[in-house]
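Take a look at the structure below.
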Amino acid sequence: MTPDDIKLSADNCIGHLEQHGCGLVRDVLSPDLCKRLQALVDDHLEAAQSAISAESDADRRQNLLQQHFGTVRDRQHRWDLKLPLSETVEEAVRQAVQALRCLLYGTVQADGVLVELSCLITDPGAPRQNVHVDTGGWKTACAPLLTVFIALQDISPEMGPTILFPGTHDDPYLQQWLSIMPGAERSPEQFGGGQHATCQQGSAVLMNSRLLHCGGSNLPAESGGSRRRLFYMTWQKPGNTNHGSTYTIRDDLVGKFRALDFLSHPLRCSLTAKEDRIGLEVLAKRKDDIQAMLEFAICLRREEDPGAVEWLRATGRKGHPLACMHLAEMYCLGELGLETNYDAADELRKFALGIFDHLADRSDSKPSFQEFLDKHAGVFRQDLLF
Numbered sequence: 014m015t016p017d018d019i020k021l022s023a024d025n026c027i028g029h030l031e032q033h034g035c036g037l038v039r040d041v042l043s044p045d046l047c048k049r050l051q052a053l054v055d056d057h058l059e060a061a062q063s064a065i066s067a068e069s070d071a072d073r074r075q076n077l078l079q080q081h082f083g084t085v086r087d088r089q090h091r092w093d094l095k096l097p098l099s100e101t102v103e104e105a106v107r108q109a110v111q112a113l114r115c116l117l118y119g120t121v122q123a124d125g126v127l128v129e130l131s132c133l134i135t136d137p138g139a140p141r142q143n144v145h146v147d148t149g150g151w152k153t154a155c156a157p158l159l160t161v162f163i164a165l166q167d168i169s170p171e172m173g174p175t176i177l178f179p180g181t182h183d184d185p186y187l188q189q190w191l192s193i194m195p196g197a198e199r200s201p202e203q204f205g206g207g208q209h210a211t212c213q214q215g216s217a218v219l220m221n222s223r224l225l226h227c228g229g230s231n232l233p234a235e236s237g238g239s240r241r242r243l244f245y246m247t248w249q250k251p252g253n254t255n256h257g258s259t260y261t262i263r264d265d266l267v268g269k270f271r272a273l274d275f276l277s278h279p280l281r282c283s284l285t286a287k288e289d290r291i292g293l294e295v296l297a298k299r300k301d302d303i304q305a306m307l308e309f310a311i312c313l314r315r316e317e318d319p320g321a322v323e324w325l326r327a328t329g330r331k332g333h334p335l336a337c338m339h340l341a342e343m344y345c346l347g348e349l350g351l352e353t354n355y356d357a358a359d360e361l362r363k364f365a366l367g368i369f370d371h372l373a374d375r376s377d378s379k380p381s382f383q384e385f386l387d388k389h390a391g392v393f394r395q396d397l398l399f
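The letter at position 307 of the sequence shown is residue 320 when you use the numbering used here, and the numbering goes up by one with no holes.
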């Protein structure tokens, strides 16, 4: 489809996206803008790599990695580069929102919040990713995110295009399996091979965050591989804060912009969240501070955001007893999309008390806390809870 198709038949295009969980739109960004973004991305990547290589202090080096990159497993050939909202990047977001406005408004709404702004970069030799989803979809009332990937150059099969598995976003049995075995190795062949998103420069792939997908392998240069750059932005329906996403965005852009803001010129920042609320969100989304995760989950619960359920589950898995007690209460009340389930509440309460008992046990013979959590992980793997 093209931007003109979307304008002429918005409902059909939205229906396609809802049915398949993905869609391809051509001519979203102009060739000139794609070329300018290519240069900007390459310059920012080189500058970030140079700054990190020159830093000898381990803590400062880690801070630089966190400042410039999202979570990736292979920084030799694959990077998730956070982008500043420079003049060129702002122009690209505005052009994309204008082209896709009907699709965005029909899914994440005009007030949809910008929660990711980055560029995925792969070089020749990058291996295929494990097949994965960005956010889970099993027994949650939280609306999925919508990611827009835009090719900054033509993408050939040799460059390792994104592999998509249409329809998997809405398969309840698959989503249940993913929730039980989130880290399992998964190959495209297990799911019928998928569709490889080869496309022309400036084309956009729109993707539901619950859709199975993976980055393909970028072949060696002698076999036709070359640098692949996917400029992307992710939008969140207001009041639906998913847990699973990597949320790759610079800290200074968190909670600042909605889709409709990019239709004004100059760009306006219309969101008015308090700085301490944004600071807590930034800290929690790093997912390495269990107390920040708990406080953010409680904040979401207070805001009646159904994402609180997944944030509490994730914090409970890490061993915070208060997260389990909050979840237990929510199961009793049937809150934020959860069905009233006293058995689930009782299991969570017992698990929380077990954590307290383990922490209070001063004996040398007790298992480590991680061993304790691994032993009782089944409480989060039952049909009772998921």
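Ideal Cβ placement from N, Cα and C applies to all residues, glycine included.
Taking a 10 Å sphere around the C-beta of P279, we find fewer than 16 other C-beta atoms and assign the residue as exposed. Contact annotation: the region 171-190 touches the region 222-229, with at least three C-beta pairs closer than 8 Å. The residue from Q89, E100 and K95 with its alpha-carbon nearest to that of G138 is Q89. Boundaries of the beta strand (DSSP E) harbouring Q249: R241 to Q249, taken from the DSSP string. Separation of the CB atoms of L307 and A336 is rounded to 5 Å, and the pair is thereby assigned contact status at 8 Å.
The region 249-259 makes contact with the region 301-321; the number of CB pairs closer than 8 Å reaches 3 or more.
Apart from the 5 residues on each side of it in sequence, R74 sits with its Cβ closer than 7 Å to the Cβ of I65 and E68 in its chain, given in chain order.
Counting only runs of at least 4 residues, the region 59-121 fully encloses the following alpha helix (DSSP H) elements, listed from N- to C-terminal order: 71-81 and 100-120. In this structure, DSSP gives Q51 a helical state, which the three-state scheme calls helix.
DSSP places E129 within a strand segment (E or B) once states are collapsed to three.
Annotation: I291 to G237 spans about 44 Å, alpha carbon to alpha carbon. For G228, the beta-bridge partners assigned by DSSP are T175. Going by DSSP, N221 is part of no alpha helix (DSSP H) but of the beta strand (DSSP E) stretching over A217 to N221. Counting along the chain, T160 sits inside no alpha helix (DSSP H); it lies in the beta strand (DSSP E) bounded by residues L159 to A164.
Shown here, L296 sits in a helix according to DSSP, grouped into three states.
Take the alpha-carbon of H371 and the one of F382: they are about 8 Å apart. In the three-state reduction of the DSSP assignment, I291 falls in the helix class, which pools H, G and I. For A358 and E202, the gap between their C-alpha atoms comes out near 39 Å.
Between the region 282-298 and the region 151-165, the count of Cβ pairs shorter than 8 Å is below three; the stretches do not touch.
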